[in-house]
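Everything in the sequence shown is counted per numbering that gives the first Met the number 0, starting at 0 for the first residue and increasing by one. Take a look at the structure below.
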Amino acid sequence: MARSNPVRIAIPELRIDAPVGRVGLDDKGNVAVPPVDDRNLAAWYEGSPPPGANGTSVVVGHVDVKAGPAVFYDLGTLDKGDTIRVTREDGTTAVFTIYGIQVFRKKGFPVERVYGGTGHPELRIITCGGTYNKKQGYTGNVVVFARLTKHA
Numbered sequence: 000m001a002r003s004n005p006v007r008i009a010i011p012e013l014r015i016d017a018p019v020g021r022v023g024l025d026d027k028g029n030v031a032v033p034p035v036d037d038r039n040l041a042a043w044y045e046g047s048p049p050p051g052a053n054g055t056s057v058v059v060g061h062v063d064v065k066a067g068p069a070v071f072y073d074l075g076t077l078d079k080g081d082t083i084r085v086t087r088e089d090g091t092t093a094v095f096t097i098y099g100i101q102v103f104r105k106k107g108f109p110v111e112r113v114y115g116g117t118g119h120p121e122l123r124i125i126t127c128g129g130t131y132n133k134k135q136g137y138t139g140n141v142v143v144f145a146r147l148t149k150h151a
């Protein structure tokens with residue numbers, strides 16, 4: 000698919016249909032997260048290819064915020080074979096099929112495995128996961144691995 004930025008993400012199995020904003024890197028050099036005041040907002044990391052283009056595209060979102068569950072609250076309940084639909088600025092839709100879901104500890108996070116390039120269009124959706132404590136937050140990240148399987 001030609002390069003075109005994402006505007007919405009839908010995950011039918013979770014009844015998610017959310018707008019997609021943009022994020023860059025935070026002051027520590029990590030992928031930033033969307034603002035906490037819009038818990039339904041997902042965000043595409045602009046340092047990655049847009050979904051549907053060749054390479055590994057990254058979309059992030061909160062699992063929860065102080066007000067309650069957020070856009071990717073149930074992300075870890077998805078199964079292999081479930082689909083993700085990304086609507087793009089040019090009106091096309093990139094459809095991805097999940098082939099893996101894992102929880103990684105934040106300490107020792109496998110950066111290359113998650114963000115590394117591929118020879119074809121792939122998508123990673125990332126949210127917080129693992130155990131939670133008030134001092135340090137979540138101990139891990141849920142990562143969904145998906146491949147482009149259709150476009151319209």
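We put the CB at the ideal spot given by N, CA and C, even for glycine.
- When Cβ pairs closer than 8 Å are counted between the two stretches, the segment 34-44 is seen to touch the segment 11-24, the count reaching three or more.
- Around the Cβ of Ala151, a 10 Å sphere holds fewer than 16 other Cβ atoms; the residue is exposed.
- In the DSSP secondary-structure assignment, Glu111 is not bridged to any residue.
- Here Leu24 carries a strand assignment [DSSP, helix/strand/coil].
- Leu13 sits in a helix when the DSSP states are folded into three classes.
- When the beta-carbon positions are compared, Pro120 and Pro11 stay at least 9 Å from each other.
- In the DSSP assignment, no residue is bridged to Pro33.
- Taking a 10 Å sphere around the C-beta of Asn29, we find fewer than 16 other C-beta atoms and assign the residue as exposed.
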